[in-house]
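Just so we're aligned, residue 1 is where the sequence shown starts under the UniProt record's numbering, counting upward by one. Okay, structure first, notes after.
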Amino acid sequence: MDLIDLPRDASQITHQLLSLCDHSLAIVNVDANCHIRLHQQALPDGAHILINNFRIGSQVQDDIYQLWLQSQRRLLPMLIHRDEAMAECLAAKQPVGEYRSDALAAEEILTLANWCLLNYSGLKTPVGSAS
1 MDLIDLPRDA SQITHQLLSL CDHSLAIVNV DANCHIRLHQ QALPDGAHIL INNFRIGSQV
61 QDDIYQLWLQ SQRRLLPMLI HRDEAMAECL AAKQPVGEYR SDALAAEEIL TLANWCLLNY
121 SGLKTPVGSA S
């Protein structure tokens, strides 16, 4: 499984690369800008939506998130919270799972990885589970 990070634009090269992808994730922040864009721009067929940088205690984000739970059928069943460990691991040039395996973001990214393996590769046993 390969991972390609593409900008969300309408350029011809982006469309060509997306057409080669078996699966795609739209990474979004829970804010008014992304809310508007989710209704204005079509997602690729079969794309899923992953919420990133979710702040606990933000009333605006919580309101938009609750709306998305009702209206966005392709929303993934997990999200990535805003976590200072992400900034720290980038500064240390290490993956968050190695730098701070106890961090919330590390656990959520592992959950995302397992979800992708289960849903995109046909693997039936989550990574790290006893077989």
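Ideal Cβ positions, reconstructed from N, Cα and C, are used throughout, including at glycine.
* Asked: Does the region 38-53 touch the region 92-105, meaning 3 or more C-beta pairs lie closer than 8 Å?
  -> no
Same chain, Cβ closer than 7 Å to Trp-68, neighbours up to 5 away in sequence not counted: Leu-75
Query raised in the report: Run through DSSP, which three-state label would Pro-126 get?
Result: Model confidence at Pro-126 stands at a pLDDT of 49, short of 50, so the residue's coordinates are unreliable; what they give is reported in the following sentence. Residue state, collapsed to three classes: coil.
Is it right to say Asp-83 is buried, meaning 16 or more other beta carbons lie within 10 angstroms of its own, or is it exposed? buried
### Query
Fully enclosed by the region 7-86, which beta strand (DSSP E) runs are 3 residues long or longer?
25-28, 48-54, 75-81
Practice problem: Would you check if there are 3 or more beta carbon pairs closer than 8 Å linking the region 58-67 to the region 104-118? | Solution: no
Confirm, please, whether the CB-CB distance from Ile-80 to Phe-54 is below 8 Å. yes
Worksheet item: Got a sec, what are the start and stop residues for the alpha helix (DSSP H) Leu-118 sits in?
Response: 104-120
By Cβ distance below 8 Å, which residues in the same chain neighbour Leu-6 in space, the five residues on each side in sequence not counted? Thr-14, Leu-17, Leu-18
CA-to-CA distance, Ser-24 to Ile-4, given in whole angstroms: 9 Å
Buried or exposed (CB count within 10 angstroms, at least 16 for buried), Arg-100: buried
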